[in-house]
Amino acid sequence: MATDDFISNLPDEVLARIISGLPAIEAIRTTILSKRLKDVWRNVFRLDFDPKGVKKLYGDDFDDTDKREEIARVVKNIDNVLLSHERNLISCRIVHLSNSYRNGDLEKWIKYLTSEKEVQELAFLCDDYQHEFHPKSLFGLGLNLPSGIFSCRTLQSLEFTNYDIRFHRPFHHCHNLKTLKLYHCDISTETLEAIVSSCGFMEHLSVCSSTSSLKQVRIFSQTVKTVELESLDLEGIYLSTQSLGALVLHSMKFPAKSMVIHAPNLRVFTATRKPITKNPYNFTRPSKQTKIAEILEYCTHLLTPVNYKANDPMEDPNLFKNLRELTIDLDLNDRREMLILCIVLQRCLSLHQLEINIKESRSEIEEATRNYSSVNNRLPYPETKLWEQRELCDCITFTLRHVSIKGFNGKDGEMEFPRHLITKCAKLERLEIWCNHDWSSEGGKATLGLLSLPRSSIDVSILLKPPPNLLVVLEDGSQP
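If you're matching positions, the sequence shown starts at 1 in full-length UniProt numbering and goes up one per residue.
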C-alpha cells in the first residue's frame, strides 16, 4: 500500500520557507524532485546567487578556468531567475565577477530588486576582486552607481564585499537603511563619514579589512546603535553618538591615545585580538595590533593626571558607567594588566556579564611594563595582594552575574581573580573557566581547588571546562 509523501503534503508557504535556505541554483533544481515542487522556488523569500557552489556539484576536478566560465554562465542567468520569480524578497545575495558592474549588470540588479521586488536585505560580493584590486584603483574602476540608488523605502540592510567605494552619492537620501556592512572594501575616511551622514536612520555599521585609504573612523550620529570595526590600521577613532549601545573592536591597530568616544549609553564593549592571518582577498590583519590593555587605559583615563581636563568636549569621563557586557583580552598573569582590570571594574557600575580571554605575549608584556613602570610602583602593597587590598567594586558587590574566563592555565597570577570573584561577588550566578590546551597537572590541581572556596553567592554555579585531552581522565575520577 502506498504511503503519503509528507513533504508533498506541506503547504506551499512552508515549502517555500524550507527551500529559501538553499542557494538559488539548488532551489531551482528541486523542481526535478517532484511535480509538487515544480514552481515552489518561484515563491521563496530569499535568493542566494553564489556560483562558487557550482564547484561542489562537479567535484574537486573542477579547475579554476572551468570555474570562472561556469560562474560567468550562472551570473548571466540571474536575470532570468529574477524575472521568473513571483513574489517580493526579504533578502538577496549575489556573487559576481567584476565585469558585472563594468557592463551595468550590478546597477540593473539593484534597481530591479529595490523597485520590483521591494527587497529588505541586499548583499553583493565581487568574486575576483583580489586579482584586480590594483588595476581598478589605478584606472578608476571604482563602484560608481547613480545618486540615491539605495533610497528604496523597503531596503534596510546593505552589504558590500570586495569593492572600491569612492563615492557616497549612491547613498543619498537613504532614510530607511539601518544596517551597512563593508568587508574588504577600499573606502576613504571622507567617503565613509559622508555615507553615515546620508543614512539618517542607520543603526548598525560594520567595517572590516579596509585599505590604507581609511585613515580614521569618524562617526557623528544620533541613531547609530552598534559599531563593529575589525582588522583596520587607523590613525584614530572618533565616535560621538548618544544612541551607541555596542562597540566591537577586533584585531585593530591605532594609537590608543587617538581614540575619542562619547557614548554615554554604551551597554556592550568588546575588544579582542585575533591571530595575524591572511584572508582570501589579500587583506592582512594589521601587524603589531594595539594591545587591549592600552585601549582600556585610555578608556578609563588611567594614564591621565589627576587634575586633567579634557580638551575635546566629546571625551567621555566614564565610558563604562552604564556598561552591562564586557569582553576583553587580558593577561591575568601580568600585574599591570590586572591593575587595569581592577580600574575598569571600578568604572563599571552596572556590569552583568564579563568575559576575559587570557592572552600572553611575554616580550610585549615586558616592554609594556618597562614603559609604564610608574603604574606598578603606585601600589602601596605587595602585588600579590592586589585583589585583597583594593576596595570592592560596586559591580562585584551588586550587579555582576555571569563571568567566563578562557585560556586558563591555573598559574598563580590567574588564580587571584576567580578566587576574588568566588569569595566576594555576592550576586554571581555562573562562573565558567575554560582551561587552555597546555593545562599542566599543577595548574589542574590548583584550579580544582577553587571548588572548595567559601562562596559569597549562594546561587553561584562554578563550571570548570578542562581541555578535551583531559576530559576522559577527569570522568574516570583521577586527578589531572
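Positions of the beta carbon are idealized from the N, C-alpha and C atoms, including for glycine.
Inter-residue Cα distance where the pair is residue i and residue j
i: Lys136; j: Arg218; result: Confidence at Lys136 is low in this model, with a pLDDT of 42, below 50, so the placement of that residue should be treated as unreliable; the coordinate-derived value is given next. Near 26 Å, if we compare the C-alpha coordinates of Arg218 and Lys136.
i: Pro466; j: Asp233; result: 36 Å
i: Arg362; j: Arg87; result: With a pLDDT of only 49 at Arg362, under the threshold of 50, the placement of this residue in the model should not be trusted, and no figure is reported.
i: Leu464; j: Glu355; result: 15 Å
i: Ser157; j: Leu229; result: 17 Å
i: Gln353; j: Ile90; result: 34 Å
i: His204; j: Leu247; result: 10 Å
i: Ile94; j: Leu82; result: 11 Å
i: Gln222; j: Arg169; result: 21 Å
i: Ile7; j: Asp48; result: 23 Å
i: Phe220; j: Phe160; result: 22 Å
i: Asp164; j: Glu193; result: 16 Å
i: His184; j: Ser98; result: 15 Å
i: Lys424; j: Leu339; result: 17 Å
i: Ile343; j: Leu323; result: 14 Å
i: Leu332; j: Asn436; result: 13 Å
i: Tyr372; j: Leu302; result: Below a pLDDT of 50, predicted positions are generally treated as unreliable, and Tyr372, at 40, falls in that range; the measurement from the model is reported next regardless. Tyr372 and Leu302: Cα-Cα distance of roughly 11 Å.
Under the three-state DSSP convention, the category residue i falls into
i: Met202; result: coil
i: Ala15; result: It should be pointed out that residue 15 corresponds to Leu in this sequence rather than to Ala. Leu15 falls in the helix class under three-state DSSP.
i: Glu190; result: helix
i: Lys445; result: helix
i: Trp434; result: strand
i: Val224; result: coil
i: Asp394; result: helix
i: Tyr112; result: helix
i: Lys76; result: helix
i: Ser8; result: coil
i: Pro466; result: coil
i: Ser240; result: strand
i: Asn144; result: coil
i: Ile165; result: strand
i: Lys35; result: helix
i: Glu159; result: strand
i: Phe269; result: strand
i: Leu450; result: helix
i: Gln130; result: With a pLDDT of only 45 at Gln130, under the threshold of 50, the placement of this residue in the model should not be trusted; the figure read from the coordinates follows. Looking at Gln130 - three-state DSSP - the assignment turns out to be helix.
i: Asp105; result: helix
i: Arg455; result: coil
i: Arg153; result: coil
i: Arg42; result: helix
i: Ile195; result: helix
i: Thr211; result: coil
Own chain partners of residue i with C-beta closer than 6 Å, once the 5 adjacent residues on each side are dropped
i: Tyr58; result: Reliability of the predicted coordinates at Tyr58 is poor, the pLDDT of 45 falling under 50, and the value obtained from them is presented with this limitation in mind. Nothing meets the Cβ criterion.
i: Asp329; result: Thr272, Arg273, Ile292, Asn357 and Lys359
i: His420; result: Trp387
i: Lys215; result: Thr189 and Glu235
i: Ala16; result: Val40, Asn43 and Val44
i: Arg36; result: Ser8
i: Gln289; result: Ser251, Lys253 and Arg273
i: Ser20; result: Val44, Phe45 and Arg46
First through last residue of the alpha helix (DSSP H) which encompasses residue i
i: Tyr298; result: Ile292 to Cys299
i: Ala246; result: That residue, Ala246, is in no alpha helix (DSSP H); its beta strand (DSSP E) goes Ala246 to His250.
i: His420; result: Asp412 to Lys424
i: Val344; result: Arg335 to Arg347
i: Glu118; result: First-last for Glu118: undefined, no H or E at that position.
i: Arg29; result: Ala24 to Arg29
Environment of residue i [buried if 16+ CB atoms lie within 10 Å]
i: Ser251; result: buried
i: Ser210; result: buried
i: Lys117; result: buried
i: Glu297; result: buried
i: Glu294; result: buried
i: Phe171; result: buried
i: Asn409; result: buried
i: Asn377; result: Only weak support is given to the placement of Asn377: the predicted model assigns it a pLDDT of 47, under 50, and the value that follows is read from those uncertain coordinates. So Asn377 ends up on the exposed side.
i: Ser231; result: buried
i: Glu337; result: buried
i: residue 534; result: Nothing can be reported for residue 534: it is not among the residues displayed for the chain, which extend from 1 to 480.
i: Gly104; result: exposed
i: Ile195; result: buried
i: Thr191; result: buried
Close-in-space but distant-in-sequence residues of the same chain around residue i (CB under 7 Å, 5 per side omitted)
i: Leu155; result: Thr114, Val119, Gln120, Leu122, Asn176 and Leu177
i: Ala446; result: Gly410 and Met415
i: Pro418; result: Ile405, Leu431, Ile433 and Leu450
i: Val75; result: Pro51, His96, Leu97 and Ser100
Extent of the continuous beta strand (DSSP E) to which residue i belongs
i: Glu86; result: Unbroken run through Glu86: none, as it is neither H nor E.
i: Asp48; result: Arg46 to Phe49
i: Tyr101; result: No beta strand (DSSP E) holds Tyr101; the alpha helix (DSSP H) holding it covers Asn99 to Arg102.
i: Gln353; result: Gln353 to Ile358
i: Asp329; result: Glu325 to Leu330
Cβ shell of residue i (< 8 Å), same chain only, five flanking positions each side left out
i: Trp434; result: Ser404, Ile405, Lys406, Gly407, Phe408 and Lys465
i: Ile149; result: Glu107, Ile110, Lys111, Thr114 and Pro170
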